[in-house]
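In our numbering, the protein residues as written are 80 to 159. Working notes for the structure below.
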């Protein structure tokens with residue numbers, strides 16, 4: 080059994096249709112789903128966090144970190 084888990088459930092994750100500790104029968108299914116999740120989370124969530132994937136045996140861990148924004152609050156370069 081292969082598992083996808085998120086280290087910290089942010090507000091966007093909690094509102095999303097994604098499930099923490101989702102389990103899959105095959106590695107291929109888990110890898111496909113986790114790739115889609117990480118891409119969606121990094122592009123469609125609010126941008127307060129950054130999501131990075133780590134594979135640990137039968138576990139796919141999505142690590143959540145605060146996003147470092149060099150341009151301030153609006154990414155326009157004039158707020159910092």
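C-beta atoms are modelled at their ideal positions from N, C-alpha and C, and glycine is treated no differently.
Whose C-alpha, out of the options, is nearest the C-alpha of residue i?
i           : options              : result
residue 80  : 123, 128, 87 and 136 : 136
residue 93  : 138, 146 and 120     : 120
residue 140 : 89, 95 and 117       : 117
residue 138 : 88, 89, 99 and 95    : 99
residue 87  : 95, 142 and 115      : 142
Between residue i and residue j, what straight-line distance do the alpha-carbon atoms span, to the nearest angstrom?
i           : j           : result
residue 105 : residue 133 : 17 Å
residue 127 : residue 144 : 9 Å
residue 159 : residue 107 : Bear in mind that a pLDDT of 48 at residue 159, under 50, signals an unreliable position, so the number given afterwards is only what the model happens to contain. Using only the alpha carbons, I get a separation of about 43 Å.
residue 97  : residue 91  : 10 Å
residue 85  : residue 110 : 14 Å
residue 89  : residue 115 : 18 Å
Indicate whether residue i and residue j have their beta-carbon atoms separated by less than 8 Å.
i           : j           : result
residue 112 : residue 103 : yes
residue 101 : residue 82  : yes
Quick one: complete alpha helix (DSSP H) runs, 4+ long, within the region 82-136?
If we require 4 residues or more, the alpha helix (DSSP H) runs fully inside the region 82-136 come out as 90-94 and 106-123.
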